[in-house]
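Read the structure below first, then the notes.
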Amino acid sequence: MVQAKPHPQSVTEALKKLSPSESEQIIQFNHPEKYRTSEWYTGHGEITASGDGRSFEISATYTLRGEVKLVDGVFEPSNPTLAEVYSHRGRCVAIVDRTVDELFGDSIRRYFEYHEIPLKLLSCRAWESDKTPETVHQLLKFLGKDGCDVSRNEPVLVVGGGVLSDVAGLACSLQHRRTPYIMVGTTVVAAIDAGPSPRTCTNGSQFKNSIGAYHPPVLTLVDRSLFRTLATGHVRNGMAEIIKMAVTDDPVLFELMEQYGPQLVETHFATIGGDEELEKIADEVIYRALFSYMKHEGTNMFETYQDRPHAYGHTWSPRFEPAAKLMHGHSVTIGMAFGASLAVEMGWLGTEERDRIINLCRSLGLSVYHPILEDIDIMLEGQKNMRRKRGDGGLWAPLPTGIGSCDYAQEVSSGLLQGAVDKHKQLCSAFPDGGSGKEMYLRDLGLE
Ligand SMILES: NC(=O)c1ccc[n+]([C@@H]2O[C@H](COP(=O)([O-])OP(=O)(O)OC[C@H]3O[C@@H](n4cnc5c(N)ncnc54)[C@H](O)[C@@H]3O)[C@@H](O)[C@H]2O)c1
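Going by our numbering, the sequence shown opens with residue -18, and the numbers climb by one from there.
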């Protein structure tokens, strides 16, 4: 028997009953806690039907609860911090900078043995020249099915400098699309800046740090006793990231750096010599630098807002740093010192404040000048790249407006740029070393 087709009128009626499309509908979606599988990430969302039965909008909020802690003796068996994270998980998967492994590997292994936590450790060479997609691939092999097969909620332990925190953080962001990690920064740069940062990356072929993902560690542990074995040149290098926060955000930190900066370099943050008072100053400087940095960086997870004082010194330098083969900190101080001269040209800063900024860098042996600044094509290319990176709206170059404050330059014409370079060159040519500082060049460029 052939069934009669339903009357078109009744189909319309039926659809009308089913469809929510007659009016706009908003559903707030809070996922119940009982379904939550991550200790650190939560989120909720909202879905809004437009009412035309053909489109809807979704908004989602992602929340990460991260923590940054100053600790003493992170690998001392008596320190419970890491054991508390890993003992109930039954193992610790760790990626450790090869040099750090040579220096602290025994302590790290002893720590986990003492706490009876099986340790799977990958020792990874992490030179600036290793900051490549190939290194990220190798790390993914270790984390993935061919290696430790980490679970999506298993925090990987990353122990090393800024190079390792960038590449290992990126590998964690790719593994299962987001695997948490705990960062123990072993250089000054990694402890106060690259380590807690959400910006993980590898270098691109011409532009530093250009390939990456936003993936901050869930826990950052800062133990300045690890700075004892650093080359003094690397302690000095790290000071640049402290100075940038002092100049743009924290005048008290600036004064502490003026007064104690050279001693902190010399004593590796009161780990070689130094008295109790200097130890307190060292902790205060680290805490202030971290707090100021994370206040701006940690709360602006996807860099969607460009009020980023910590980008001071980082506008032109990502282009000239690899071209001149400079150490990161020196390239940043050259960028900051030039930025201070530019701010004077623009009427934003007085010469006395510019001199305080430049003198602070110089008192620590950091560079304030390199002839690559005179290559205007490179400088303009740096600006062009930075406009793309920062979202096309403008240059958003932080420049100081005093000690402890800054504003953002949107346009820097080639004429203004050239004029500021000329003035800066003239200023620096009066210094006995021409503003080169100590050990400005990278040393780890060769192959093993
Ligand atoms: N993601 C970010 O927000 C961010 C911020 C700042 C810097 N960075 C990046 O960080 C990198 C620079 O980091 P870095 O200065 O830590 O350099 P690095 O990672 O190259 O470390 C410097 C050297 O010190 C060694 N080392 C590390 N810890 C040691 C220790 N405790 N004792 C002795 N030697 C030790 C390393 O093996 C390396 O040879 C750059 O690539 C820069 O782009 C990233």
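Just so you know, even glycine gets a beta-carbon here, dropped at the ideal spot from N, CA and C.
Beta-carbon separation (whole angstroms), residue i vs residue j, contact threshold 8 Å
i      : j      : result
Leu103 : Arg90  : About 13 Å; that fails the 8 Å criterion.
Gly143 : Ala194 : That pair is no contact at about 16 Å.
Ser348 : His311 : 4 Å
Val81  : Leu202 : That belief does not hold up - the Cβ atoms of Val81 and Leu202 are roughly 14 Å apart, past 8 Å.
Close-in-space but distant-in-sequence residues of the same chain around residue i (CB under 8 Å, 5 per side omitted)
i      : result
Thr44  : Tyr22, Thr23 and Gly24
Leu397 : Leu323, Glu326 and Met327
Val199 : Glu20, Trp21, Leu45, Arg46, Gly47, Glu48, Pro136, Pro161, Tyr162 and Ile163
Val246 : Thr213, Val216, Arg217, Met220, Leu345 and Gly346
Arg79  : Ser104, Cys105, Arg106 and Ala107
Beta-carbon contacts of residue i that lie in its chain and below 7 Å, excluding the five residues immediately before and after
i      : result
Leu211 : Thr168 and His249
Ile253 : Arg209
Gln399 : Ile357
Glu5   : Thr29, Ala30, Ser31 and Gly32
Cys409 : Val349, Tyr350, Gly415 and Gly416
Ile262 : Leu237 and Tyr241
Ser146 : Val139, Met164, Gly166, Ala171, Ala175 and Gly176
Thr181 : Asp147, Gly150, Leu151, Ser154, Gly193, Ala194 and His196
Ser178 : Pro197 and Glu278
Residue i to residue j span [Cα, whole Å]
i        : j      : result
Ala401   : Gly242 : 28 Å
Leu138   : Glu109 : 20 Å
Thr213   : His12  : 50 Å
Asp388   : Leu380 : 6 Å
Arg70    : Ile98  : 9 Å
His157   : Leu124 : 10 Å
Gly383   : Ser36  : 50 Å
Glu135   : Asp204 : 23 Å
Val(-17) : Asp33  : Note on Val(-17): pLDDT 48, under 50, position unreliable in the model; the coordinate value appears next. The straight-line gap from Cα to Cα measures roughly 36 Å.
Met360   : His215 : 26 Å
Lys406   : Gly316 : 13 Å
Val148   : Lys189 : 12 Å
Thr332   : Trp377 : 22 Å
Leu207   : Phe56  : 10 Å
Leu428   : Lys112 : Caution is warranted here: a pLDDT of 33 is assigned to Leu428, below 50, making its placement in the model unreliable, and no coordinate value can be reported.
Tyr92    : Gly150 : 23 Å
Ala152   : Ile173 : 21 Å
Gly372   : Cys129 : 38 Å
Glu27    : Ser40  : 5 Å
Arg369   : Gly363 : 10 Å
Trp329   : Ala390 : 10 Å
Residue i, DSSP secondary structure in three states
i        : result
Thr296   : coil
Ile7     : strand
Thr62    : helix
Cys129   : coil
Asp111   : helix
Glu429   : Residue placement at Glu429 cannot be trusted, given a pLDDT of 31 that sits under 50; the coordinates are not used to answer.
Leu102   : strand
Leu259   : helix
Ala378   : strand
Met(-18) : Low per-residue confidence applies at Met(-18): pLDDT is 45, beneath 50, and the placement is therefore not dependable, though the value from the model is reported in the following sentence. The answer is coil: DSSP assigns Met(-18) none of H, G, I, E or B.
Val393   : coil
Glu97    : coil
Val203   : strand
Tyr67    : helix
Tyr422   : strand
Gly34    : coil
Gly383   : strand
Pro177   : coil
Alpha helix (DSSP H) segment containing residue i, residue limits
i      : result
Arg180 : Unbroken run through Arg180 is the beta strand (DSSP E), Arg180 to Thr183; no alpha helix (DSSP H).
Ala221 : Thr213 to Thr229
Asp336 : Thr332 to Ser344
Thr117 : It is Val, not Thr, that sits at residue 117 in the sequence shown. That run of the alpha helix (DSSP H) goes Pro114 to Leu124.
Arg209 : No alpha helix (DSSP H) holds Arg209; DSSP gives it neither H nor E.
Ile493 : For the chain, the structure presents residues -18 to 429; residue 493 sits outside this window and is missing.
Arg369 : Ile357 to Arg371
Pro232 : Pro232 to Glu247
Limits of the unbroken beta strand (DSSP E) element including residue i
i      : result
Ile163 : Tyr162 to Gly166
Ser40  : Phe37 to Leu45
His25  : Tyr22 to Ala30
Ile76  : Cys73 to Asp78
Ile192 : Ile192 to Tyr195
Tyr389 : Ser386 to Ala390
Glu48  : Glu48 to Leu51
Leu138 : Val137 to Gly141
Own chain residues within Cβ distance below 6 Å of residue i, not counting five before or after
i      : result
Ala64  : His96
Ile339 : Ala318 and Val349
Thr296 : Met367 and Ala378
Thr116 : Val148
Residue i CB to nearest heavy atom of ligand 2 below 8 Å
i     : result
Val81 : Of the ligands this structure carries, namely ligand 1, none is ligand 2.
Test: residue i CB closer than 9 Å to a CB of chain B
i      : result
Glu284 : Structure shown: chain B not included; a single protein chain is present.
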